[in-house]
Amino acid sequence: MNNEHKSQTNSSQVNKLSKKELRRAAWRWTVIGSNNINYGTLQGTGYAWALANTLRKVYPNDDDYVEAMNVEYEYFNITPYMAPLVIGTDVAMQEQQGTESLEAVRSIKTSLMGPLSGIGDSLLWVLYPTIMGSISGYMALDGNPLGAIAWIVLNLLLIWFRLKLFDLGYKSGARLITDLSDRLTAITEGASVMGLTVVGSLIATVVEVHTPLEFTFGEVTLGLQEEVFDQILPALLPVILTGVVYYLMEKRKWGFLKIIFAIIILSLVGSYFGILGVES
Amino acid sequence: MPDLLQNILIILLPMYALIDNRGITVMNHWPVTVGLFAGLIMGDFQSAMVIAGTFQLMSLGVAALGGSSVPDYALATVVAIYLNARTGVGTGTSIAVGLPVGILAINLDVLTRTLNSFVTARSKKYLEQREFKKMQLVNLISVLFVALQAFVPMVILVVFGPATVETIIDWIPDWVTDGLNIAGGMLPVVGVAMLMRYMPTKRYIWSLLIGFVMAAYLELDILAISIIGFALAIYTYNRLISQKVAVSASGSAEYSEGDDFDE
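Protein sequence lines, in the order shown, are assigned to chains R and C. For the first sequence, the numbering used here assigns the number 16 to the initial residue and increments by one for each residue that follows. For the second sequence, the numbering used here assigns the number 25 to the initial residue and increments by one for each residue that follows.
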């Protein structure tokens with residue numbers, strides 16, 4: 016297929032695009048993204064959809080367009096936030112070299128997926144919702160919507176961030192990742208520290224386990240919760256529960272569904288026998 | 025707001041949230057953000073946020089599962105908020121009824137991904153046939169499938185739900201509703217434990233302990249704890265960067281700053 020195309024390159028035409036036409040691919044990705052995720056090529060279809068109009072502008076010739084689109088439909092899987100960087104690089108290469116670049120486009124796409132997802136998954140897909148989710152979830156328990164509102168505002172900023180990533184990819188392509196990867200490791204580690212600090216506070220505040228058990232010795236009533244557990248350690252029962260659940264998931268490989276059902280059964284049994292109660 | 029309008033909006037909300045989550049991520053399918061809007065629609069803001077907060081804390085760490093199908097906690101949140109507003113059952117019981125709906129939704133997600141494979145095959149076929157308009161249009165069917173993931177359970181809920189749920193709950197003994205409320209208090213532990221597994225807890229156990237002490241003993245506000253966490257993050261970042269500089273300095277002797285660290 017290469018020979019055929021090398022002979023055609025003189026006739027095959029490649030158009031240059033305006034910035035607006037270029038960014039259109041980033042916008043289309045942002046809106047649809049992985050809505051059409053499927054078990055065969057995962058986000059491949061969404062990726063092709065994002066580039067469909069832009070590439071049509073690049074290739075006026077149908078044959079070239081079909082050849083290029085076939086590459087874009089291939090398997091693709093990345094943290095959605097990071098994809099515009101790949102799309103930018105992809106468009107820049109094809110705009111310069113046409114279908115000649117397709118082999119390189121394919122290898123760039125597959126080689127960028129891994130490292131970009133490594134950065135994107137840990138920072139944007141896990142740590143960002145961890146920190147924002149902890150804060151806003153905690154606030155919401157008191158009926159306070161401020162955390163949720165702040166989260167939406169930050170999400171709006173992320174749309175701008177994705178367009179910037181596209182521009183970056185278009186300008187400098189793959190070089191960026193190697194330049195930044197050292198610093199990004201440090202950012203990820205720093206964010207993990209912040210995340211874990213918040214998680215530590217959650218154990219004490221949002222996990223609620225309470226026992227209404229009381230012991231009566233003649234005249235004296237001893238509340239197990241207030242006079243024993245709380246004296247040993249505030250949030251003693253939540254700490255124990257967290258430890259047990261962590262142990263079951265980490266060492267016994269329990270899935271989270273099993274844990275959820277176990278907790279509901281434990282609560283029902285505890286409630287029936289009056290061992291567990293709702294804090295009054 | 026009239027009931028009919030409420031019903032329509034509460035069905036549309038989780039449909040949009042799913043599409044949003046896979047694309048533009050403004051609301052991004054998180055219980056608190058979706059619950060915020062559900063609360064505005066149903067008019068009981070306070071209880072809505074309490075329900076949403078509980079599901080949010082439960083769902084922490086679920087993001088770490090990446091591309092795989094996970095319970096639809098946003099759908100669970102909307103179901104619970106709707107039931108709470110319409111039937112007057114407690115927040116804890118609403119949560120316990122909403123949760124299985126979200127868990128069952130995993131199956132719908134798997135179904136959507138399977139159906140999308142057919143859509144993709146069709147789209148590629150149109151590409152080969154040079155029907156470029158159809159090639160693009162057919163992909164919108166995938167978006168429809170995604171929306172149906174929430175539409176189907178929500179319509180069943182709105183049409184049959186509140187009355188049925190109320191009758192069942194009236195018949196349930198007190199210790200069961202108490203038990204479900206207790207479970208509602210304990211369930212955030214699932215999210216917390218999952219996070220501890222996915223994050224480098226062993227390496228940074230000190231930050232977990234600092235967070236715990238600040239909350240349990242000092243009873244600091246969550247924002248105060250976040251700010252201290254952020255300070256610790258800056259410290260960690262600087263330490264790692266200066267380590268890197270120190271390493272490259274000993275190799276090339278070009279950098280001299282950062283040497284005063286004793287690592």
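For every residue, glycine included, the Cβ atom is placed at its ideal position computed from N, Cα and C.
| query | result |
| --- | --- |
| Integer Cβ distance of C/A257 from R/M209, believed to fall under 8 Å | 4 Å |
| R/L142, enclosing beta strand (DSSP E) - first and last residue | From DSSP, R/L142 is part of no beta strand (DSSP E); its letter is neither H nor E. |
| Nearest residue (CA-CA) to R/I278, options C/M238, C/S147, C/N205, C/I75 | C/N205 |
| Coarse secondary structure for R/F288, derived from DSSP in three states | coil |
| One or two residues paired with R/L237 in a DSSP bridge | R/F230 |
| Assigned exposure category for R/K34 - 16 Cβ within 10 Å defines buried | exposed |
| Cα-Cα separation between R/L156 and C/G209, rounded to whole angstroms | 11 Å |
| Interface flag, R/Y88 vs chain C, CB-CB below 7 Å | yes |
| Distance, R/F91 Cα to R/T125 Cα | 7 Å |
| Residues of its chain near C/L123, where Cβ-Cβ distance is below 7 Å and the 5 sequence neighbours each way are ignored | A100 |
| Outcome for R/E87 when other beta-carbon atoms lying within 10 angstroms are tallied against a minimum of 16 | buried |
| Partners in chain R for C/F156, counting only beta-carbon separations shorter than 8 Å | A67, R71, Y80 |
| Residue burial classification, R/E89 (beta-carbon count within 10 angstroms, cutoff 16) | exposed |
| Local conformation of R/N76 per DSSP, three classes | coil |
| Any C-beta of chain R under 7 Å from that of C/Y40 | no |
| Spatially closest choice to C/S231 from C/E243, C/S250, C/M218, by CA coordinates | C/S250 |
| Rounded Cβ spacing between R/N53 and C/S141 (contact assumed at less than 8 Å) | 4 Å |
| Residue environment, R/Y262, which counts as buried when at least 16 other CB atoms sit within 10 Å | exposed |
| For R/L131, the three-state DSSP class (helix, strand or coil) | helix |
| Neighbour flag for R/D245 against chain C, beta carbons, 7 Å | no |
| Straight-line Cα distance separating C/Q267 from C/S276 | For C/S276, the pLDDT reaches just 48, beneath the cut-off of 50, and the residue's location in the model is therefore unreliable, leaving the point undetermined. |
| Cβ shell of C/I75 (< 7 Å), same chain only, five flanking positions each side left out | G59, T101, A104, I105, N108, T115, S118, I119 |
| Cut-off 6 Å between Cβ atoms - residues of its own chain near C/G126, not counting five sequence neighbours on either side | P95, D96, Y97, L99, A100 |
| Test item: CB-CB of R/L211 and C/Y259 under 7 Å | no |
| Neighbour flag for R/P227 against chain C, beta carbons, 7 Å | no |
| Close beta carbons around R/L217, own chain, < 8 Å, minus the five adjacent residues each side | S149, Y153 |
| Every unbroken alpha helix (DSSP H) within the region 117-198 of chain C, with a cutoff of 4 residues, ordered by chain | 156-161, 164-195 |
| Sub-7 Å separation of C/A239 and R/T236 beta-carbons | no |
| Closer than 7 Å to chain R by CB, C/F254 | yes |
| is_contact[R/E223, chain C] using C-beta, thresh 7 Å | yes |
| Range covered by the alpha helix (DSSP H) that runs through R/N170 | 161-187 |
| Residue-level contact to chain R via CB, C/G209, 7 Å cutoff | yes |
| Which of helix, strand or coil DSSP assigns to R/L57 | strand |
| C/Y261 classed as buried or exposed, judged by whether at least 16 other C-beta atoms fall within 10 angstroms | buried |
| R/D136 to R/T145 span [Cα, whole Å] | 12 Å |
| Interface positions of the region 107-132 of chain C facing chain R (Cβ-Cβ less than 8 Å), listed along the chain | G116, A120, L123, I127 |
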